[in-house]
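Student:
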Amino acid sequence: MPMITYPFSHFAKTVTFLARQAFLNATVFRGNTFFALFSDLLFVFLSIEVWQALYASKETSLVTESQLITYVVLARLLPNVMMEFVDTVQQRILSGEIASELLRPIRFSVYLLGLEIGRYGHRFLLQVLPIALLIHGLIGINLPTSGLYMALFVISLVFSFLLMFYINYIISLLAFWYTQVFSINTIKNQTVRFLSGIYVPLWFFPEWAVPIVQSLPFASIVYIPMQIYLQTCTLPQAVAYLGLQWFWTICMIVLAHWIWSRAVKQISINGG
Amino acid sequence: MDAIIVEDLWKIYRVKEHRNGFVGGLIDLFRPVWKEKEAVRGIHFTIPQGQSVGYIGPNGSGKSTTIKMLTGILTPTSGKVRVNGIDPSRRRRENARQIGVVFGQRTQLWWDLAIKESFELFRHIYRIDEKTFRKNVEMMTELLDLDQFASIPVRQLSLGQRMRAEIACAFFHDPKIVYLDEPTIGLDVVAKERIRTFLKEINREKKTTIILTTHDMDDIEHVCERLILIDHGRIIYDGNLQRFVDNYGTDRILTVQFEEPQTSVELECGELIGFDQRQASIRFKKNEISATKLIQQLTARYPIRDCQIEEPKIEHLIRHVYESENVEDEGIHAHDHISI
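What follows is the structure, encoded as C-alpha cells:
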C-alpha cells in the first residue's frame, strides 16, 4: 500500500495534483471530447432503440421498461473500460523505457491512478452528465428516490472506477511477458463489456449463470452499481454488494502489486 | 562523508543462447541454453560527497550496468553498494528521493506535462518545501534559460530544450548525487557549453556529487575532477583527471615551419614524425626536454619562421590506455562484450 512509505496527506496532494493536471490536459483536446460525445450519444440512442424493441416483443416481469432504459443508458456511459494509459504503459514496457519509473520516489500505479481520476472527472462532467441529462429530457430516465441509495451508489461507483483502473493496470503490465498487447487488450475489453453487463444486463443471462457471473469482479463494475441505482435490491443486499466490490478491489490491488513486483524483479535481474 | 561506496561489485547476466534453425528454435522453447555474461567484474571505488567524477568506458564495458546498480534499477549479483549509506536496490524509492538522474536517450520528464507543471509535480512527490522550491525554480530558469519554453508540453520541445529541462528536473529537489548519462548527446556546441557551465557551477555551489558518463571528452575536461575508466567490467584507471593528463599525456608535438626548404632534419632529442622540406613535426616527451630548449636547438641549426605545440587530447590518451589494456587482456575476455 502506498500509505506505508508515503504519508497520506502527501499521497492525497500528489494524486489531487495529477488529477487536476490530467483534467486540464483533457480540456485541451476539445476535438476529442466532441467526437467522443457524439459517438457516445449515437451508441446510447441505438441501444435504447434495440432494447425498446426487444422489450415490446417479449414482455418480462424482471424489470420495467423504464428501469431497462435507465440501465442501458447508464451502463453505456458510466464505466471507462479502455483507459488511456494502457497503450502508453505497454509501449514503454516494450521499449524498455519503463525502467526509469523505478527512479521515481512515487509508485507507478499511484501516478497512473492520479492521472486517470482526472480524466474520469473530465469524462464524467463533459460526456456522461450532458448525455444523461439530454436523454432524461427526451425520454426520461429513472432517478433514485432515496438519498441513502444515492449515497451507496456513489460509493459503489468509486469501487467500480478503482476496479476498472486496476484491471486496466494489470492488463498493461502483462506486456512484460506477452508482446501481443493488442489481442490482450481486445480480450479484456470484450470480457469486461460482456460479463459486467454492459452489452446485456445480467437479468437476461441464463438463470444458472447469474449467481456465478454476479460474483465475478466484472459484475461489480456495472451491474452492481446499477442495481443500487435502480433500487432493485434491498438495503442489506446493497451493503452486501458493496462488501463484494470492496473484496474484489482489494484482490485486484494485491494482484497488481504482486505483478508489478515480479516485473521489477525481472528488470532488476536482467536489466529489462 | 562518502557519498558512494562500492566494494567488490559483480553483475552477471544470464542470457539465452539461441540454437540454429527451426528445430533449434523448438528445442530452445523447452530447454533453453543459458550463458553467463560478466558485465561488471569485481569493481571497487569510493566517492566523497561533492566530487565530480567522469565514469568512462566504451560500449559494453559495464559502465551503464554500474550506473544502473548505483541508481537501484539493477540488483547486483554480489558485492556491496552504498549510496548515502543505503543499499539502492533494496530501498529503491528511498534512494530515488536523494538522487537525480539524467539519461540522455531516455526521458525522466512527464511527457504530457509542461516543464512548469513537472516542477510543481516534483515539488509534491519529492516533498520540497515552498521556499526551496521558489529558489530552485528561479535558479534553474536563469541558469538554463528555461523561461521561453516553460509552458510547452515536453513532447513538443526540441532536443536541446528537453535536455535542459531534463537536467533542471534532476537537480530540482537538491539531490546529494546526480547521475548523468550522455547529457550532451546530439546537442550543438552552444547547448553543450551551457550544460557544462551549469554542471560546474552547481557542483561548486551546492556541493552536489556528480557522476558523469559520456563519450564527449570535452564534457569530462570541463566538469570533472576525477576520472574512472572501466573496460571489460574492470576498473583500469581511477584518479585525479589532471594527474591522468600529466602521467599519460607527456607527449607533445612540435610543428615547425622553415624559412627555406630543407633536405633533412637532424634531432638531438625527440622523434621526427612528419617532414616535407618546409615543415617538420617532432614528437617529444615533455619530461625529457622542455619545448623552449627543443626550439632553441632547432633554431641554432635551421632558420625557423613559425612553430606550434600540440597537447594531446584526453580522448587520445584514454584510447591509448584502452589499447594497452586490451593487449594484456586479449584472449581471455575479448569475446564477452555485452551491451544493454
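Keeping their order, the protein sequence lines are chains A and B. So for the first sequence, the numbering used here puts the first residue at 573; every next one is plus one. So for the second sequence, the numbering used here puts the first residue at 77; every next one is plus one. Glycine is no exception: its CB is placed at the ideal position from the N, C-alpha and C atoms.
Note down, in chain order, every chain B residue with its Cβ under 8 Å from the Cβ of residue 585 (chain A).
Tutor: Going along chain B in sequence order, the residues near residue 585 (chain A) (Cβ under 8 Å) are 200.
Student: Counting only Cβ pairs nearer than 9 Å, list the residues of chain A close to residue 264 (chain B).
Tutor: Near residue 264 (chain B) there are no residues of chain A at all, since even the closest Cβ is about 25 Å away, more than 9 Å.
Student: Please classify residue 673 (chain A) as buried or exposed, where buried requires at least 16 other C-beta atoms within 10 Å of its C-beta.
Tutor: Per the 10 Å Cβ criterion, buried.
Student: Using DSSP's beta-bridge definition, name the partner residues of residue 316 (chain B).
Tutor: Bridge partners of residue 316 (chain B): B:302.
Student: Suppose contacts are defined by Cβ-Cβ distances below 8 Å. Is residue 253 (chain B) in contact with residue 174 (chain B) by that definition?
Tutor: For residue 253 (chain B) and residue 174 (chain B), yes; Cβs fall inside 8 Å.
Student: Are any of the Cβ atoms in chain A nearer than 8 Å to that of residue 189 (chain B)?
Tutor: For residue 189 (chain B), the answer is yes, since a Cβ of chain A falls inside 8 Å of its Cβ.
Student: What are the boundary residues of the alpha helix (DSSP H) that residue 823 (chain A) is part of?
Tutor: Unbroken alpha helix (DSSP H) run through residue 823 (chain A): 807-842.
Student: Let's test the definition: count the other Cβ atoms within 10 Å of the Cβ of residue 290 (chain B) and tell me whether it reaches 16, buried, or not, exposed.
Tutor: It counts as buried.
Student: For residue 132 (chain B), which of B:143, B:124 and B:126 has the nearest alpha-carbon?
Tutor: Selected option, being the one with the closest Cα: B:143.
Student: Ignoring anything shorter than 4 residues or poking outside the stretch 194-265 of chain B, list the alpha helix (DSSP H) runs there in chain order.
Tutor: Whole alpha helix (DSSP H) segments, 4+ residues: 206-220 and 235-247.
Student: How about residue 838 (chain A): is its C-beta nearer than 8 Å to some C-beta of chain B?
Tutor: Cβ-Cβ to chain B under 8 Å: no for residue 838 (chain A).
Student: Taking residue 656 (chain A) as the query, report the chain B residues whose CB atoms sit under 7 Å from its CB, ordered along the chain.
Tutor: Ordered by position in chain B, no residue passes the 7 Å Cβ test against residue 656 (chain A), which lies about 10 Å from the chain.
Student: With burial defined as no fewer than 16 other Cβ atoms inside 10 Å of the residue's Cβ, what is the status of residue 319 (chain B): buried or exposed?
Tutor: Flag for residue 319 (chain B) reads exposed.
Student: What is the DSSP secondary structure of residue 285 (chain B), reduced to helix, strand or coil?
Tutor: The answer is strand: DSSP assigns residue 285 (chain B) an E or B state.
Student: State yes or no: is the beta carbon of residue 143 (chain B) nearer than 8 Å to at least one beta carbon in chain A?
Tutor: Not closer than 8 Å to any Cβ of chain A, the Cβ of residue 143 (chain B) fails to qualify, so no.
Student: So, residue 236 (chain B) versus residue 257 (chain B), is the Cβ gap smaller than 8 Å?
Tutor: No.
Student: Could you spell out the range, first to last residue, of the alpha helix (DSSP H) harbouring residue 95 (chain B)?
Tutor: Per DSSP, residue 95 (chain B) belongs to no alpha helix (DSSP H) and is neither H nor E.
Student: Are the CB atoms of residue 313 (chain B) and residue 146 (chain B) within a distance shorter than 8 Å?
Tutor: Not a contact, by the Cβ cut-off of 8 Å.
Student: Check whether the Cβ of residue 845 (chain A) lies closer than 8 Å to any Cβ atom in chain B.
Tutor: Given a span of 573 to 844 for chain A in the structure shown, any question on residue 845 (chain A) remains unanswerable.
Student: Check for me: the alpha helix (DSSP H) holding residue 642 (chain A) runs from which residue to which?
Tutor: Note, residue 642 (chain A): alpha helix (DSSP H), 637-649.
Student: When the Cα atoms are used, what is the spatial distance from residue 816 (chain A) to residue 792 (chain A)?
Tutor: Roughly 8 Å separates the two Cα atoms.
Student: Tell me which residues share the same chain as residue 757 (chain A) and place their Cβ nearer than 7 Å to its Cβ, disregarding the 5 neighbours each side in the sequence.
Tutor: Hits under 7 Å: 658 and 743.
Student: Between residue 827 (chain A) and the rest of its own chain, which residues show a CB-CB distance below 8 Å, the 5 nearest in sequence each way excluded?
Tutor: 738 and 742.
Student: Going straight from the alpha carbon of residue 755 (chain A) to that of residue 761 (chain A), what length do you get?
Tutor: Those two C-alpha atoms are separated by around 10 Å.
Student: Whole angstroms are fine: how far does the CA of residue 259 (chain B) sit from the CA of residue 273 (chain B)?
Tutor: Taking the straight line from one Cα to the other gives about 13 Å.
Student: Can you pull out the residues from the stretch 133-163 of chain B whose beta carbon lies closer than 8 Å to at least one beta carbon of chain A?
Tutor: Those would be 141, 144, 147, 148, 149, 150 and 151, in chain order.
Student: Whether or not the stretch 147-164 of chain B and the stretch 200-215 of chain B are in contact is what I'm after, with contact meaning three or more pairs of Cβ atoms, one per stretch, closer than 8 Å; do they touch?
Tutor: Touching, no.
Student: What are the start and end residues of each continuous beta strand (DSSP E) run of 3 or more residues lying completely inside the stretch 85-151 of chain B, in chain order?
Tutor: Qualifying beta strand (DSSP E) stretches, in chain order: 109-124 and 128-132.
Student: The alpha helix (DSSP H) with residue 331 (chain B) in it runs from where to where?
Tutor: Not the alpha helix (DSSP H): residue 331 (chain B) falls in the beta strand (DSSP E), residues 327-334.
Student: Do you know whose CA, among A:614, A:606, A:789 and A:593, lies nearest residue 825 (chain A)'s CA?
Tutor: Comparing Cα positions, the closest option is A:789.
Student: Determine, using beta carbons only, whether residue 367 (chain B) and residue 328 (chain B) come nearer to each other than 8 Å.
Tutor: The answer is yes: Cβ separation under 8 Å.
Student: Are any of the Cβ atoms in chain B nearer than 8 Å to that of residue 580 (chain A)?
Tutor: No - not a single Cβ of chain B is within 8 Å of the one on residue 580 (chain A).
Student: For the putative contact between residue 288 (chain B) and residue 130 (chain B), defined by C-beta atoms under 8 Å, what is the C-beta separation to the nearest angstrom?
Tutor: That pair is a contact at about 5 Å.
Student: When the Cα atoms are used, what is the spatial distance from residue 97 (chain B) to residue 112 (chain B)?
Tutor: Computed Cα separation, rounded: 22 Å.
Student: Could you name each continuous alpha helix (DSSP H) segment of 4 residues or more that falls completely within the stretch 321-380 of chain B, going from the start of the chain to the end?
Tutor: Runs of the alpha helix (DSSP H) inside the stretch 321-380 of chain B: 367-377.
Student: Answer yes or no: does any C-beta atom of chain A fall closer than 8 Å to that of residue 89 (chain B)?
Tutor: At least one chain A Cβ lies under 8 Å of residue 89 (chain B).
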